[in-house]
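Each residue of the sequence shown is one higher than the one before, starting from 73 at the first, in this note's numbering.
Report on one structure; see the data block that follows.
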Amino acid sequence: MIEAEARIATIESSRYLTRLAEAWVHTYPVRYDALTAEIQLPGGELILTADGDSLSLRLVGKDRERFDATKQSVATLVDRVAEHDTGVRCVWNDIS
Numbered sequence: 073m074i075e076a077e078a079r080i081a082t083i084e085s086s087r088y089l090t091r092l093a094e095a096w097v098h099t100y101p102v103r104y105d106a107l108t109a110e111i112q113l114p115g116g117e118l119i120l121t122a123d124g125d126s127l128s129l130r131l132v133g134k135d136r137e138r139f140d141a142t143k144q145s146v147a148t149l150v151d152r153v154a155e156h157d158t159g160v161r162c163v164w165n166d167i168s
């Protein structure tokens, strides 16, 4: 398994989580509510968790090439969703 995490400091975490889930709901299997989301992307499963002051992302996959491409796609979408929130960037930390 390949894993990476990102934590984004923002008070808009629930709104961002919902917008990210809705961006993929017509293309990939998605389950979400205001605080959690699970999205089956081509490069792995993306798990999002919103709390009062941050949005946590965890990506778990098997194929390195697809995993890395998915990390980049997720980061690009997060940055687009949060473009008006100064300082919000998706920076992945590889776990394994």
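Just so it is clear, CB atoms sit at the ideal spot from N, CA and C, and this is done for glycine as well.
Source: prediction; values computed, not measured.
Contact annotation: the stretch 76-83 touches the stretch 127-139, with at least three C-beta pairs closer than 8 Å. In this structure the stretch 108-118 lies against the stretch 132-142, because at least three pairs of beta carbons, one per stretch, are closer than 8 Å. Counted as a single uninterrupted DSSP element, the stretch harbouring Ala81 is not any alpha helix (DSSP H) but the beta strand (DSSP E) occupying residues 74-81. Note: Asp166 is bridge-paired with Ala76 in the DSSP secondary-structure output.
With respect to Ala154, Thr108 sits apart: the two C-beta atoms are not nearer than 8 Å.
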